[in-house]
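K.L.:
My structure is below; once you've seen it, I'll send some questions.
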Amino acid sequence: TACSSKYVLSQMHPMWQGPLAVPGGDRQSPIDIVVRKSVFDSELKPLVTDYDPDTCQQIWNNGYSFLVEYDDTTDKSTLKGGPLQDKFRLCQFHFHWGESNAWGSEHTVDRRLFPAELHLVHWNSDKYSLFEEAVMEDNGLAVIGVFLKVGKRHEGLQKLVDALPTIRHKDSVVEFTRFDPACLLPTNTDDYWTYHGSLTTPPLTESVSWIVMKQHIEVSHDQLAVFRSLLFTSAEEEVQKSMVNNFRVQQPLRGRTVRSSFT
Ligand SMILES: Clc1ccc(Cc2nnn[n-]2)cc1
Ligand SMILES: [Zn+2]
1 TACSSKYVLS QMHPMWQGPL AVPGGDRQSP IDIVVRKSVF DSELKPLVTD
51 YDPDTCQQIW NNGYSFLVEY DDTTDKSTLK GGPLQDKFRL CQFHFHWGES
101 NAWGSEHTVD RRLFPAELHL VHWNSDKYSL FEEAVMEDNG LAVIGVFLKV
151 GKRHEGLQKL VDALPTIRHK DSVVEFTRFD PACLLPTNTD DYWTYHGSLT
201 TPPLTESVSW IVMKQHIEVS HDQLAVFRSL LFTSAEEEVQ KSMVNNFRVQ
251 QPLRGRTVRS SFT
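Written out as structure tokens, the structure reads:
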């Protein structure tokens, strides 16, 4: 689907940190979430996710992360509620991680780094008919961020981990079906921070309502090690580079307020 093919490829070099000057550029992501500066908003509602595992289609290595893509031609896998006024369609999820467990997440909480971060990317299907349109619009996208910590093995993740060796190289794709992304959400999805930001890779468009979960999920050391066995490089390239540190540096808050759904 378009939601991840042409929008995550350009300039996907591992050390990519992207153009410094971005059009407008006053609502870029990721950021550090300073807990004591976040503002509780009692109007924020619980998240309502309704994902259909049958819309899961494929998993692929795009040379920057690995993406699990969903059929977003109908409203079968959706997100609403939370800070959102409209219904958003799931198009894909992917992760960002480090070369060690000491870092890897894109967002931080009071400067605390996590070894990895999950992003579930959705687009506003009430207002737009294609991802490509939504990605350019102010309230076009909603991305749920979930921090990963190293601990007990995540049973639901294992099906995905087992598929990774089949997509080691950039541009490899395999069929991947019947995966319910809800299994990757923390048990508590009522507590989150939300702010207006951007995509963290080109086109860096400032079209994202970020919803960062307060509660993390746990994955095992070995499961995370398999993420690091992926390669940035395609099979033809002589020098193989392991896919690690695929996160963007933090961006200035520029006066934005981060709201919290909890006190
Ligand atoms: Cl469609 C798309 C574009 C960029 C990214 C990378 C990203 N942006 N925000 N979080 N991750 C993921 C999906
Ligand atoms: Zn991401």
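Mapped onto the numbering used here, the consecutive letters of the sequence shown carry residue numbers 1 to 263.
Note that beta-carbon positions come from the ideal geometry of N, C-alpha and C, so glycine has one too.
#1: So for ARG197, helix, strand or coil by DSSP?
#2: Which residue or residues does DSSP assign as beta-bridge partners of LEU90?
#3: Within 6 Å: the Cβ of VAL212 and any heavy atom of ligand 3?
#4: Use the C-beta contact count for LEU119: other C-beta atoms within 10 angstroms, 16 or more gives buried, fewer gives exposed.
#5: Give the straight-line distance between the Cα atoms of THR205 and SER198, rounded to the nearest whole angstrom.
#6: Using only Cβ atoms and a threshold of 6 Å, which residues come within that distance of a heavy atom of ligand 2? Order them by chain position.
#7: Tell me the rounded alpha-carbon separation between GLN251 and PHE114.
#8: Determine the contact status of VAL226 and TRP60, defining contact as a CB-CB distance below 7 Å.
#9: Tell me, to the nearest whole angstrom, how far the beta carbon of VAL143 is from that of VAL208; I am working on the premise that it is less than 8 Å.
#10: Indicate the three-state DSSP secondary structure (helix, strand or coil) for VAL226 in the structure shown.
#11: So PRO83 and THR194 are supposed to be a Cβ contact under 8 Å. How far apart are they, rounded?
#12: Identify whether GLU132 lies in helix, strand or coil by the three-state DSSP scheme.
#13: If you pair each beta-carbon of the region 50-58 with each one of the region 76-91, do three or more pairs fall below 8 Å?
#14: For ligand 1, any of its heavy atoms closer than 6 Å to the Cβ of VAL121?
#15: Once you ignore the five residues that flank TYR128 on each side, which residues in its own chain have a CB closer than 6 Å to its CB?
#16: Within a Cβ cutoff of 6 Å, which residues of the same chain sit near LEU253, ignoring the five residues on either side of it in sequence?
#17: Checking the sheet assignment: what are the DSSP bridge partners for PHE95?
#18: Taking only the alpha-carbon atoms, compute the straight-line gap between ASP162 and GLN223 and give it to the nearest angstrom.
#19: With DSSP run on the structure shown, which of helix, strand or coil describes ILE31?
#20: Who are the Cβ neighbours of LEU231 in its own chain at under 8 Å, not counting the five residues just before and after it?
#21: Classify GLN85 as buried or exposed, calling it buried when 16 or more other Cβ atoms lie within 10 Å of its own Cβ.
#22: Between HIS122, HIS107, ASN188, THR74, which has its C-alpha nearest CYS91's C-alpha?
#23: Residues bridged to GLN58 by DSSP?
#24: Quick one, which of ASN245, THR74, GLN57, LYS37 has its alpha-carbon nearest GLU175's?
P.N.:
So, from the listed chains and residues:
#1: For the purposes of this step, residue 197 is taken as the residue at position 197 of the sequence shown. The sequence as given places Gly at residue 197; Arg does not occur at that position. Strand, per DSSP.
#2: The sequence position of residue 90 within the sequence shown is 90, counting from 1. For LEU90, which the question treats as bridged, DSSP gives the partners HIS122.
#3: Judged by which ligands are present, ligand 3 is missing from the structure shown, whose ligands are ligand 1 and ligand 2.
#4: Reading the sequence shown from its first residue, position 119 is the one you call residue 119. One point to set straight first is that residue 119 is His, not Leu, in the sequence displayed. Counting other Cβ atoms within 10 Å of its Cβ, HIS119 reaches 16 or more and is therefore classed as buried.
#5: For the purposes of this step, residue 205 is taken as the residue at position 205 of the sequence shown. For the purposes of this step, residue 198 is taken as the residue at position 198 of the sequence shown. Cα to Cα, THR205 sits roughly 5 Å from SER198.
#6: Listed by chain position, these are HIS94, HIS96, HIS119, THR200.
#7: Numbered from 1 along the sequence shown, position 251 holds the residue referred to as residue 251. Numbered from 1 along the sequence shown, position 114 holds the residue referred to as residue 114. Going by C-alpha positions, GLN251 is about 17 Å away from PHE114.
#8: As a working mapping, residue 226 is identified with position 226 in the sequence shown. As a working mapping, residue 60 is identified with position 60 in the sequence shown. No, they are not a contact pair.
#9: In the sequence shown, counting from the first residue as 1, residue 143 sits at position 143. In the sequence shown, counting from the first residue as 1, residue 208 sits at position 208. The beta-carbon distance between VAL143 and VAL208, rounded to whole angstroms, is 5 Å. This is short enough to meet the 8 Å contact definition.
#10: Within the sequence shown, numbered from 1, the residue matching residue 226 stands at position 226. Note: VAL226 maps to helix in three-state DSSP.
#11: Locating residue 83 in the sequence shown gives position 83, where the first residue counts as 1. Locating residue 194 in the sequence shown gives position 194, where the first residue counts as 1. Contact annotation, PRO83 with THR194: C-beta distance approximately 4 Å; criterion of less than 8 Å satisfied.
#12: The count along the sequence shown starts at 1 and reaches residue 132 at position 132. In the three-state reduction of the DSSP assignment, GLU132 falls in the helix class, which pools H, G and I.
#13: Segments in contact, yes.
#14: Position 121 of the sequence shown, counted from the first residue, corresponds to residue 121. Yes, Cβ of VAL121 sits closer than 6 Å to a heavy atom of ligand 1.
#15: Within the sequence shown, residue 128 is the residue found at index 128, counting from 1. The residues are ALA134.
#16: If you number the sequence shown from 1, residue 253 lands on position 253. Taking C-beta separations shorter than 6 Å and ignoring five residues to either side along the sequence, the partners of LEU253 in its chain run ILE31, following chain order.
#17: Taking the first residue of the sequence shown as 1, we reach residue 95 at position 95. DSSP output for PHE95 lists LEU118 as bridge partner(s).
#18: Against the sequence shown, residue 162 aligns to sequence position 162. Against the sequence shown, residue 223 aligns to sequence position 223. Straight across, the Cα-Cα distance linking ASP162 with GLN223 is about 9 Å.
#19: Numbered from its first residue, the sequence shown carries residue 31 at position 31. Coil, per DSSP.
#20: Mapped onto the sequence shown, residue 231 falls at position 231. Within the same chain, LEU231 has close Cβ partners ASN61, ARG168, HIS169, LYS170, GLN240, LYS241, SER242, MET243.
#21: Mapped onto the sequence shown, residue 85 falls at position 85. So GLN85 ends up on the exposed side.
#22: Translated into positions along the sequence shown, residue 91 becomes position 91. When only C-alpha atoms are compared, the closest one is HIS122.
#23: By 1-based counting over the sequence shown, the position of residue 58 is 58. Here GLN58 is bridged, per DSSP, to GLU69, GLU175.
#24: Counted from its first residue, the sequence shown places residue 175 at position 175. Looking at ASN245, THR74, GLN57, LYS37, the one whose alpha-carbon comes closest to that of GLU175 is GLN57.
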